[in-house]
Amino acid sequence: MEQTKLDILRNFIDGTWEAEPDLMPAINPATGEKIAWLPKSSRETARRAIAAAKQARKGWASRPVWDRAAMCVAIADKIDGKREQIARVLSTEQGKPLPQAIGEVAKAADGFRLAAELVKQLGGETPPAEDPSKLVITIRQARGVYAVITPWNYPVNIPTEYLAPGIATGNAIVWVPAPTTSMAAVELMRAIEEAGLPKGVVNLVLGEGATVGDEIVVHPDTNGIGFTGSAATGRRIAERGAGKPMLLELGGNGPVLVFEDADLDKAADAAAVGAFSNAGQICAATGRVLAHRAIAEPLARKLVERAEREILGDPLHQGTTMGPLNNPKVAAKVREHVDDAVANGATVLTGGKPRPDLGSDLFFEPTVVTGVTRDMRINREETFGPVIPILSFDDDEAALDLALDSEYGLSVGVFTQNMDRALRFGEAIPAGIVNINASSTYWEIHLPFGGGSGTKSGIGRLGGRLTLEAMTELKMITITRTGA
Ligand code: NAD
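Just so we're aligned: the sequence shown equals residues 2 to 485 in the working numbering.
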């Protein structure tokens, strides 16, 4: 009975919205209420989506580049036209405050426009050959069918990072979004459909990653993988999809280093932005603050001040700056990390508790913890919540040692007035991004983004032309002059 009262989401396969018999509930994280039913799709459904993409890929790849670019602009226009509508769904289902959701949707439209611009410049080369009878050209071609799997923290922007370059370069796509943000995925898919993308070029399959995500990774008819999510799932995908070209954008535990000569207000502002935006559920979040002992206390006071300025509440209420965490799994991890730190001698300076009185037990207070040591989970693992653990160091050597003592290497912030030192740290830390005197989260969509080699943060680089290059094959063609 209850199922009939709520919207039942559908998959989008070969240009048609298809119902699936098995359903699971979509939950509003701010209230705990069921807000829709979503498909728990089968492997067979994923296989039909792959077949549709395979059918569509040749026709789409052979369309003129300018047509594909125009399609990306049309999608961007549709997204802009539905900005408020998509953002409301995103905010309700993901938990981020509405203004942040509106910003995310606006950025997605930018992402489609950027892909449209860049694909027009995606050329090959004509390298010289030693053999004088040869003319060598290289061209870039779509890889074919892309398996795209995305997480719930930026459920409109992260898919755009693959869908826009994928569509622009002539790939066909099967997209599996995170179940807890399926409604936002449907909204984005509708904008793409309404822009007039030919059937089968993008197919949306809703359901559990371990079933439909796994199917699109292992299936022999998918030719490339774009995955953003946790390091554990990324490793599994690397194994299951071995041999396919893949972009893996995984977790982080970004340190922000604050030296004794830093501007403490700016450092505190940046660390707070890095730790509290999106309730800390950002891969490039400020996962830990490493502070020189001489300024650790005043910095901690400033961080407490900023934490206490956050307004935790319903993401659709005006004035809310932080909403609930997205799902029980992430909320449990945040609580466990704080409890583990306290049990091992750390001190919570502010926050540290869930706030079920605000509407659901997924609300967690913005938190600052001091007295954190190396072995605590809050330092070693990605917390993915609104928590700033502070560790102290006495000199540059100890700072570097702390920064290097991590399995992750995604994004780092370094606060100092000493540019020599800043560059030394920038070069020494094996992360994909080092922001000097800025938040660990600073990035723009045309710039390189990805994990450092030898870390658990991923393989490859997203951003601007780099994604278009990654999603295309570089083919060499040689022409031999026959002298005829
Ligand atoms: P997750 O790995 O649990 O899930 C990510 C996606 O993978 C979901 O769509 C899920 O359904 C799917 N999935 C799960 N198991 C699968 C399997 N066996 N095979 C195929 N697909 C499977 O991650 P999450 O909790 O949704 O997202 C949070 C994580 O994502 C954090 O670790 C965060 O740091 C990371 N992340 C990284 C970036 C980046 O760009 N580096 C950006 C955002 C989030």
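Cβ coordinates follow ideal geometry from the N, Cα and C atoms, glycine included. All of these numbers come straight from a predicted model, not from anything done at the bench.
Using a C-beta cut-off of 8 Å, the segment 387 to 398 makes contact with the segment 277 to 294, since at least three inter-stretch Cβ pairs fall below that distance.
Gly230 places its beta carbon less than 8 Å from that of Ile150. Between Leu326 and Pro30 a beta carbon distance of about 7 Å is seen, short of the 8 Å cut, so the two are scored as contacting.
Of the other Cβ atoms in all chains shown, fewer than 16 fall within 10 Å of the Cβ of Trp67; this residue is therefore exposed. Taking Asp78 as reference, the option from Glu408, Gly60, Leu189 with the minimal CA-CA separation is Leu189. By alpha-carbon distance to Gly145, the top candidate from Thr483, Gly484, Leu475, Ile480 is Leu475. Gly320 counts as exposed, since fewer than 16 other C-beta atoms from the protein chains shown sit within 10 angstroms of its C-beta. In the DSSP annotation of this structure, Ala179 is not part of any beta strand (DSSP E), being labelled neither H nor E. By the criterion of at least three beta-carbon pairs nearer than 8 Å, the segment 331 to 349 is not in contact with the segment 107 to 120. According to the DSSP assignment, Gly288 belongs to the beta strand (DSSP E) that extends over 287 to 293. The alpha carbon of Gln56 has as its nearest neighbour, out of Thr223, Ser42, Asn154, Gly82, the alpha carbon of Thr223. Between the segment 255 to 268 and the segment 176 to 185, the count of C-beta pairs closer than 8 Å stays below three; the two stretches do not touch.
In this structure the segment 296 to 312 does not lie against the segment 400 to 410, because fewer than three pairs of beta carbons, one per stretch, are closer than 8 Å.
Of the residues Ile478, Ala471, Tyr155, the one whose Cα lies closest to the Cα of Lys108 is Tyr155. CA-to-CA, the gap between Ala273 and Val202 works out to about 41 Å. Between Pro40 and Asp23, the C-beta spacing is below 8 Å. By the CB criterion at 8 Å, Lys135 and Thr479 fall inside the cutoff.
Taking 7 Å as the cut-off, one finds at least one heavy atom of the ligand NAD near enough to the beta carbon of Asp215. Comparing alpha carbon positions, the residue from Pro355, Thr348, His318, Met323 closest to Lys334 is Pro355.
In the displayed model, Leu258 falls within a strand according to three-state DSSP. Inclusion of Ala173 and Trp61 in the CB contact set at 8 Å is warranted, their separation being smaller than that value. Taking the Cβ atoms as the reference, Ala27 lies roughly 4 Å from Ala37, within the contact range of under 8 Å. Between the ligand NAD and Cys284, a heavy atom-to-CB distance of less than 7 Å is present.
Here the alpha carbon of Arg89 sits roughly 47 Å from the alpha carbon of Met477. Residue range 35 to 40 is occupied by the beta strand (DSSP E) that includes Lys35, with no alpha helix (DSSP H) assigned at that position. Annotation for Lys354: no beta strand (DSSP E) segment contains it, and DSSP assigns it neither H nor E.
Cβ-Cβ distances below 7 Å link Val157 to Ile87, Leu91, Glu105, Val106, Ala109, Ala185, Leu189 in the same chain, with the five nearest sequence neighbours on each side left out; the list follows chain order. Around the beta carbon of Glu383, 16 or more other beta carbons lie within 10 angstroms, which makes this residue buried.
Listed in chain order, the beta strand (DSSP E) elements of length 3 or more contained wholly in the segment 397 to 436 are 412 to 416. Here DSSP, grouped into helix, strand and coil, assigns Asp68 to helix. Taking 3 residues as the minimum length, the beta strand (DSSP E) runs contained wholly in the segment 104 to 166 are 135 to 143, 146 to 150, in order along the chain.
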